[in-house]
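In our numbering, the protein residues as written are 58 to 314. Just so it is clear, CB atoms sit at the ideal spot from N, CA and C, and this is done for glycine as well. These notes concern the structure reproduced below.
Next comes the structure, spelled out in structure tokens:
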């Protein structure tokens, strides 16, 4: 597979923030280099498997990054980067507007009903061992849905998560897992069989939301990138906010091939 043509990590991360996958980035840069290409030519140039290239091109066309030219075979050329990027920015902004609207609609009645004065109950969890213990506890308590966003998955947590996700899958329940960029795909093979797994930058930390009723937010040590402290709550406002934020992260994350 051909590397991303010397793309800087910053540019690659920016394109992903706008919603492009690794293959879509490869294909768009390939078209910038070629100017115009058939699917076969682009597959060879960009290192995108021929079995995937048509789906990648169609996705880019829907996102406004690729222009389809008529002919047999069809040819494709890149959209102006400024136009394409602003199209994606507009789409992300519209999605976030909907997220904000949903949060306001759901939480304002609760705020008013409680007079706007209620203080949510919070518990501070300190120490890496206690944080992972509480993480496993929340995972095992999930019955309806489970949202996990962690920069890394220790083996003990993974051993807890996989059987829980397997049981929930059998019951038709949903388990979504966001993993940091530093964890290898080979370590996630068993998990991918029983849960939806995506990847994105989680350098700030992460958390676990169990049944949209309990949440554990985990903060990372900025230098060592290990869990430093956590905040647990079963308050409906905080869990709802955490779930909404997780959904936003999920919508801008990348599937793991």
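Where does the unbroken alpha helix (DSSP H) through residue i begin, and where does it stop?
{"i": "residue 195", "result": "185-198"}
{"i": "residue 86", "result": "79-91"}
{"i": "residue 293", "result": "293-308"}
{"i": "residue 313", "result": "Residue 313 -> no alpha helix (DSSP H), and no H or E assigned at all."}
{"i": "residue 257", "result": "Per DSSP, residue 257 belongs to no alpha helix (DSSP H) and is neither H nor E."}
{"i": "residue 109", "result": "107-120"}
{"i": "residue 102", "result": "96-103"}
{"i": "residue 74", "result": "66-74"}
Could you check the C-alpha separation between residue i and residue j for me, to the nearest Å?
{"i": "residue 173", "j": "residue 293", "result": "Annotation note: pLDDT 48 at residue 173 (below 50); position unreliable, coordinate value reported separately. Near 14 Å, if we compare the C-alpha coordinates of residue 293 and residue 173."}
{"i": "residue 114", "j": "residue 302", "result": "30 Å"}
{"i": "residue 243", "j": "residue 256", "result": "13 Å"}
{"i": "residue 258", "j": "residue 307", "result": "11 Å"}
{"i": "residue 214", "j": "residue 311", "result": "22 Å"}
{"i": "residue 248", "j": "residue 164", "result": "34 Å"}
{"i": "residue 79", "j": "residue 160", "result": "31 Å"}
{"i": "residue 219", "j": "residue 77", "result": "28 Å"}
{"i": "residue 110", "j": "residue 179", "result": "48 Å"}
{"i": "residue 139", "j": "residue 238", "result": "27 Å"}
{"i": "residue 267", "j": "residue 156", "result": "20 Å"}
{"i": "residue 182", "j": "residue 96", "result": "53 Å"}
{"i": "residue 271", "j": "residue 201", "result": "12 Å"}
{"i": "residue 98", "j": "residue 144", "result": "26 Å"}
{"i": "residue 107", "j": "residue 166", "result": "52 Å"}
{"i": "residue 250", "j": "residue 216", "result": "14 Å"}
Output yes if chain C places a C-beta closer than 9 Å to the C-beta of residue i; else output no.
{"i": "residue 228", "result": "Absent from the structure: chain C. Only one protein chain is present."}
Let me know if residue i comes out buried or exposed under the rule of 16 or more other beta-carbons within 10 Å of its beta-carbon.
{"i": "residue 228", "result": "exposed"}
{"i": "residue 233", "result": "buried"}
{"i": "residue 153", "result": "exposed"}
{"i": "residue 81", "result": "buried"}
{"i": "residue 284", "result": "buried"}
{"i": "residue 186", "result": "exposed"}
{"i": "residue 83", "result": "buried"}
{"i": "residue 299", "result": "buried"}
{"i": "residue 245", "result": "buried"}
{"i": "residue 254", "result": "buried"}
{"i": "residue 296", "result": "buried"}
Can you determine whether any heavy atom of the ligand HEM sits closer than 8 Å to the C-beta of residue i, and answer yes or no?
{"i": "residue 225", "result": "This structure does not include the ligand HEM; it has no bound ligands of any sort."}
Could you give the residue range of the beta strand (DSSP E) that holds residue i?
{"i": "residue 262", "result": "262-267"}
{"i": "residue 286", "result": "284-290"}
{"i": "residue 272", "result": "271-277"}
{"i": "residue 134", "result": "132-135"}
{"i": "residue 125", "result": "123-126"}
Q. At which residue ranges does the region 193-253 contain complete beta strand (DSSP E) runs of 3 or more residues, listed in the order of the chain?
A. 202-207, 231-236
Q.
I'd like to know if the region 131-142 and the region 84-92 are in contact, where contact means that at least 3 CB-CB pairs between them fall below 8 Å.
A. yes
Q. Do the region 69-78 and the region 95-103 touch if we need at least three Cβ pairs shorter than 8 Å?
A. no
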